[in-house]
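Trainee: Here it is, the structure in full.
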Amino acid sequence: MLFTLPALSADAEVRHAFFEGLRQAENRRKEPWVLTALRYLHHPLRAQDSEQYILPSLQMVREIQQTGGIFFPKAWVQRTLYGHRSAAAARTVIHFIEHLPADYPPKLKNKILQAADLLLRKVRISGQYNALPDA
């Protein structure tokens with residue numbers, strides 16, 4: 093639980109420092125701890141504050157695939173997107189997908205799309221879909 097406490101902090105700077113620490117592979121060694129912390133960081137009550145971490149999290153997926161366990165990349169994206177319901181969050185994901193390099197692994201792209209499915213559905217159902225580019 094000590095590992096996840098910064099993700100629960102009321103102080104935005106503490107949460108930000110925690111996220112920045114996840115950029116280093118050695119801070120992601122205990123994958124279950126990281127996934128729990130991401131769930132807290134992206135909790136629906138904090139979704140607006142944590143939208144800033146969606147793009148960097150997606151940008152890290154390729155490295156996470158190379159440095160983590162086989163199921164870690166998909167779980168990372170799922171935990172990152174789980175609490176988000178806004179059109180801005182959906183736009184971030186769609187923009188990321190649309191601008192992937194040609195050599196991006198198709199399996200990773202599909203994992204991101206699978207994890208984003210609920211977010212995109214939530215946005216469509218809420219009537220915010222018109223704000224999104226074609227998906």
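Residue 193 in this note's numbering sits at position 101 of the sequence shown, and the numbers go up by one each step.
Every residue, glycine too, gets a C-beta built ideally from N, C-alpha and C.
Express the C-alpha separation of Arg-216 and Arg-120 in angstroms, rounding to a whole number.
Mentor: 33 Å
Trainee: Under the three-state reduction of DSSP, which class applies to Tyr-174: helix, strand or coil?
Mentor: It is coil, neither helix nor strand.
Trainee: If distances are taken between C-alpha atoms only, which option among Arg-107, Phe-95 and Pro-198 comes closest to Ala-139?
Mentor: Arg-107
Trainee: Determine whether the beta carbon atoms of Pro-165 and Leu-200 lie at a separation below 8 Å.
Mentor: yes
Trainee: Do the CB positions of Tyr-145 and Thr-172 come within less than 8 Å of each other?
Mentor: With a cutoff of 8 Å on beta-carbon distance, Tyr-145 and Thr-172 are scored as near each other.
Trainee: Look up Lys-122 in the DSSP assignment and say whether it is helix, strand or coil.
Mentor: coil
Trainee: For a test of the three-state rule: what should DSSP assign to Ser-101, helix, strand or coil?
Mentor: coil
Trainee: Rounded to the nearest angstrom, what separates Arg-213 and Gln-170 at their Cα positions?
Mentor: Across the structure, Arg-213 and Gln-170 are spaced so that their CA atoms are roughly 14 Å apart.
Trainee: What are the uninterrupted segments assigned as alpha helix (DSSP H) that are 4 or more residues long and contained completely in the segment 175 to 200, given in chain order?
Mentor: The qualifying runs are 179 to 190.
Trainee: Taking its Cβ as the centre, do 16 or more other Cβ atoms sit within 10 Å of Gly-161, making it buried, or is it exposed?
Mentor: Answer is exposed; the Cβ neighbour count stays below 16.
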